[in-house]
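One structure is given below, encoded as structure tokens.
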Amino acid sequence: MSALLEVEDLRVRYATRRGSLMAVDGVSFSLHAGRTLGLVGESGCGKSSLGKAIMRIVDPHSGAIRLDGVDIGRLSGRHLRPHRRRFQMVFQDPAASLDPRQRIRRALEEPLAVHGRGDRSERRDRVREVMAQVGLHPEMADRLPHEFSGGQRQRIAIARALMLEPSLIVCDEPVSALDVSLQAQILNLLADLQASRGIAYLFISHDLSVVQHLADRIAVMYLGQIVEIADRAALWRSPAHPYTQALIAAVPRMAPERRGLDRTRLLPGDLPAPQDPPPGCRFAGRCPFATRLCREQAPRLAEIAPGHAVACHLHTAPDAAPGGAAAPSLPHFLQKDTVQ
Amino acid sequence: MSLSTPTHGGMPGGILQRLMRTPGLRRLRGSRALLVGLLLLAAVVAVALSAGLLYPGDPRDMAGPAGTWPGIDARFPLGTDMLGRDMAAAMAHSAGTSLTVGIAAATLALLVGIAAGVLAGYFGGAVDDVLMRISELFQTMPSLLFTIILVVILGPTTASISFAIGITAWPQIARLVRAEAVRVRRLDYVDAAVTLGMGHGRIVLLHVLPNSLAPVVVAASILVAQAILSDASLSFLGLGDPNGMSWGSMVGAGRPMLRTAWYMTALPGGAIFLTVMGFMLIGNGLNDLLNPRTPVR
Amino acid sequence: MSLLEVEDLTVRFGDAVVVDRLSFSVEAGETLAIVGESGCGKSMTALALTRLVAPPGRIGGRVRLDGLDLTGLPEARMRAVRGDRIGIVFQDPMSALNPVLTVGEQVAEAVRAHSPLGARAARARAAELLDLVHIPDAHRRLDDHPHRFSGGMRQRVAIAIAIAANPALLIADEPTTALDVTIQAQILCLLDELRRDLGMGLILITHDLGVVAETADRVLVMYAGRKVEEQDTPGLFAAPLHPYTRRLMGAKPRLTLGEPPPRQRLQEIPGLVPLPGAIPPGCAFAPRCADADAGCAAVPPLQRHGRAAVACHKVDLAARAPRQIPRWTDRSQWRAAE
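Protein chains in written order, with my numbering: chain F, 125 to 464; chain H, -16 to 280; chain C, 3 to 340.
Structure below.
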């Protein structure tokens, strides 16, 4: 099966006051139609820049973004426009992603108008249809965004992304700005839409529990690079990269018996400055298992099992992991919790 | 957490919505300045509009004995000047000139400033650099001197004076609008428009421009006040329109008589003060209304 | 007597009741979590405890710290209580620090505001405090400005400022919401450590039940300005009493280690959190509650049983099988509670 979205060696560069920085540094992955790829990592890891580059909101520095075989990374302006209806985006902050002066009807008709779809009455019908799909009363179409709650605004933003019937939606932290009770509504809505319309999601989030809930395949990013990528079952069953393990260990869980666990599960330190990434493995400075090799030579993303790739010397260097890569007999961030 | 209640129904534009959502206390305080300002402005406008009716003749004609103090002769409630012209008639006719110049200059400055600011803020990069360097050029020159030079070159007519004042005032508007446009440009709804495949022109006109104008509302009234002051300065220096009367030229003309007949400068000076004050109060009142401190959460 | 005793705390803005007759207590060395969604009044509670509610807000009820009635205190003495007896940490570490002053100056200033130390001694104390919150190389970093610190480090500095005068009570209002998970874990661990070592009472205000589970001794759940449930942490997670608490737990996907669970629809809570001023009469949760019936038209009284409390017509706390609510200190009870 050929993939819907193929990203190959993508790089995104920003010029900042403190020098240029590679926000996305050689990222490759693919996403099949109707599936969800979860992209997790902490702020500054480049996950949002990656999403914006795929949406062509920022221009990639190098690499390819192929949607159904067409490299949309190289198209621009007029040539890109007809492809835009195939991939749409839902933003994090529903308060900022809708123009405060634009009535909902206008906001939803806009994509149709830009792409010259339908006449006036057809557009009206389509607005009613999509509003109903996302669970909004079509009578609300003549209101302004501030008259809606945060959850409703996110429904509107999803409706806008649906107007052109895309095959891919990039969701950039779509529930992070919402209260828990509203998160559930939006996550269920996204799952329903995928089931009924076969839309693929690139789901960007810092919230591991949400990604576990929704994603078929998960990529973990650290400082502009993917450090681990695996299918749902493999990643949660045997997370291989120490960073992935630390990330999972740090998530507060609704389990009071975890209280007062010792500090060893804490990942020390902060993200290094992205303008000046350390040589070797970028995680080495915070990794409790780092060796000299890790500090000197950057590990490459390599498969340790079918469909499960990790960029870590502990797994790939010949003498590092006794017992082979597949057996996670490595020092393990999660050891204390795995008994649970 | 904001305790403001959302408005419903069709208010056009965000400014009115924000006015409606301002908590009662601040609205009252804001509108006191606004109210006084609007009353002052209304008075000046009324005088300017009725000048032709009240004093149909040419205000430059001699009407009575020269140098009559106000309150002495019932025919001349504000007295006469050293040439025997009716001060009241001159004051009334001057109001129109001052307002026309002020508003025309401000309009020009707004048009140029908004266009330059939005383009610079939205596109950034080279466009931004070029437009902002040009605006700096205007800002670093002493603006009164530059205005004088322009008026000398173009000749002293109401139109050229308005043009000269307006063209020196646009950079402040441009900077204001640019800052807003830079902010709006980073908001997600602009990115969303990009992902829909919208062109730059449509994004600027539909999303960036309307959402960048809020601070201009306040600046515009202050701009009119500044323009009236500039016009007064020009007239005082004798560079005003020789065919019209203005408060500035009256002040200039009355200056030699300052010791013996100070009312000849004080009256037009007071009129300038009140008009400028009116616009300033409107500006400040709008500012209070549009930028209320966000309530503590 | 408890360290902090709050009785019928009420905050109103005109007709809008933001906090409605809230009563609770905090012991020294104990962590109380106040949980709720945005608009439930939890942040306003924190402000009301320190009398920082901005006008036109009005505070009612009684707040007693170590027997001292804060509600009747003149403003000048209240100012001394803030910082000296009660430390506060806010959500946003970016705006909590003054960007033009060095970190050392800001911590030293907090030290000198409540003690007669000289400049040099205050600086030494500042270094000590930064060390206490685990800022590496504390002495060398005193002269750095806040922009040289990461978000997590800034929050550590903010905590150092809050504990500068050895307060008896520390109020942390969403202290980790703006931070990444790995940094969040560090900060939560730090707060827990400081509470233990300094014997402070800690009020942790949060929307995240996971954070509650891992840091709190006791939990107070707020909805629409009212307390709907209060329990010891293990009890709350083992058997939530109020329908709102149960729904809240079901709405959040749980991270599971090992084999990922089969996908299920999340439990939605229909409708919206009511806004202050538009709180439905009777039980405020009734319009969103699956169990609600005609009886819910009256405001439910707060039922108490031991250390548990719930405000719901549908739950009869006394009639439930008398349950041993395990105490924190008894770790053998932890598994049993599940």
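Here a beta-carbon is modelled for each residue, glycine too, at the ideal position from N, C-alpha and C.
Item: In chain order, what residues of the same chain have a beta carbon less than 8 angstroms from the beta carbon of Ser40 of chain C, not counting five sequence neighbours either side?; Value: His209, Val275
Item: Closest Cβ-Cβ distance between Tyr105 of chain H and chain F: below 8 angstroms?; Value: no
Item: Alpha carbon to alpha carbon, how far is Thr462 of chain F from Leu259 of chain C?; Value: Any reading at Thr462 of chain F must be qualified, since the residue scores a pLDDT of 36, below 50, and its modelled position is unreliable; the value itself is stated next. Computed Cα separation, rounded: 7 angstroms.
Item: Which residues share a DSSP beta bridge with Val221 of chain C?; Value: C:Ala35, C:Gln233
Item: With a CB to CB cut of under 6 angstroms and the five nearest residues on each side skipped, what residues in its chain are close to Ile255 of chain H?; Value: Ala215, Trp230
Item: List the residues of chain F that Met181 of chain H touches, going by C-beta distances under 8 angstroms, in chain order.; Value: Glu234, Val238
Item: So the candidates are F:Leu438, F:Val299, F:Asp149; which of them puts its Cα closest to the Cα of Ala188 of chain F?; Value: F:Asp149
Item: What do you reckon, are the CB atoms on Ser77 of chain H and Pro251 of chain H nearer than 8 angstroms?; Value: yes
Item: When burial is assigned at 16 or more other CB atoms within 10 Å of the CB, is Ser320 of chain F buried or exposed?; Value: exposed
Item: Among F:His270, F:Val131, F:Arg248, F:Arg424, which one has its Cα closest to the Cα of Pro262 of chain F?; Value: F:Arg248
Item: One question on the structure: do Gly203 of chain C and Gly31 of chain C come within less than 8 angstroms of each other, judged by their Cβ atoms?; Value: yes
Item: Given a threshold of 16 other Cβ atoms within 10 Å of its Cβ, counted over all protein chains shown, does Met179 of chain F qualify as buried or as exposed?; Value: buried
Item: Please list the terminal residues of the continuous alpha helix (DSSP H) segment that includes Gln349 of chain F.; Value: First-last for Gln349 of chain F: 349 to 355, but that is the beta strand (DSSP E), not the alpha helix (DSSP H).
Item: Helix, strand or coil for Cys295 of chain F per DSSP?; Value: strand
Item: Look at the alpha carbon of Leu232 of chain F and the alpha carbon of Ala283 of chain F, and state the distance between them as a whole number of angstroms.; Value: 7 angstroms
Item: On a CA-only basis, which of F:Met287, F:Pro218, F:Ala127 is nearest Arg277 of chain F? Give me that one, please.; Value: F:Pro218
Item: Going along the chain, which residues of the region 243 to 256 of chain F sit with their C-beta nearer than 9 angstroms to a C-beta in chain C?; Value: none
Item: How big is the Cα-Cα spacing for Leu18 of chain H and Val259 of chain H?; Value: 15 angstroms
Item: Measuring only between beta-carbons, confirm whether Met251 of chain C sits less than 8 angstroms from chain F.; Value: yes
Item: Alpha carbon to alpha carbon, how far is Asp199 of chain C from Leu193 of chain C?; Value: 10 angstroms
Item: Starting from Phe211 of chain F and walking both ways along the beta strand (DSSP E), at which residues does that stretch end?; Value: 211 to 214
Item: Counting beta carbon pairs with one atom in the region 90 to 106 of chain H and one in the region 142 to 160 of chain H, are three or more of them shorter than 8 angstroms?; Value: yes
Item: Assuming Leu314 of chain F and Gly275 of chain F make a contact with CB atoms under 8 angstroms, what is their CB distance in whole Å?; Value: Wrong, their Cβ atoms sit about 13 angstroms apart, outside the cutoff.
Item: Determine whether the Cβ of Glu29 of chain C lies closer than 8 angstroms to any Cβ atom of chain F.; Value: no
Item: Would you verify that the beta carbon of Leu222 of chain F is, or is not, closer than 8 angstroms to some beta carbon of chain H?; Value: yes
Item: When you compare only the Cα positions, how much space is there between Leu(-1) of chain H and Pro402 of chain F?; Value: For Leu(-1) of chain H, the pLDDT reaches just 44, beneath the cut-off of 50, and the residue's location in the model is therefore unreliable, leaving the point undetermined.
Item: Grab me the residues of Ala72 of chain H's own chain with a C-beta within less than 6 angstroms of its C-beta, minus the 5 sequence neighbours each way, in chain order.; Value: Tyr38, Pro42
Item: Where does Arg4 of chain H sit, in a helix, a strand or coil, going by DSSP?; Value: Bear in mind that a pLDDT of 49 at Arg4 of chain H, under 50, signals an unreliable position, so the model cannot answer this.
Item: If we count the other Cβ atoms within 10 Å of its Cβ and call it buried at 16 or more, is Arg142 of chain C buried or exposed?; Value: exposed
Item: If you reduce the DSSP assignment to three classes, tell me which class Met260 of chain H lands in.; Value: helix
Item: Just to confirm, are Ala110 of chain C and Ala124 of chain C a CB contact at a threshold of 8 angstroms?; Value: yes
Item: Let me know the alpha helix (DSSP H) ranges lying completely inside the region 158 to 232 of chain H, each 4 residues or longer, listed in chain order.; Value: 171 to 178, 183 to 186, 197 to 219
Item: Exposed or buried, Val8 of chain C, counting other C-beta atoms within 10 Å across all chains shown (16 or more means buried)?; Value: buried
Item: For the pair the region 129 to 141 of chain H and the region 196 to 206 of chain H, tell me if three or more CB-CB distances fall below 8 angstroms.; Value: no
Item: Just to make sure I have the definition right: I need the residues of chain H whose C-beta is within less than 8 angstroms of the C-beta of Phe124 of chain F. Which are they?; Value: What the structure shows of chain F is the stretch from 125 to 464, and residue 124 of chain F is not part of that stretch, so it cannot be assessed.
Item: Please list, in chain order, all residues of the same chain as Met224 of chain C whose beta carbon is under 8 angstroms from its beta carbon, the five residues on each side excluded.; Value: Leu24, Ile36, Val37, Gly38, Cys42, Gly43, Lys44, Thr47, Val230
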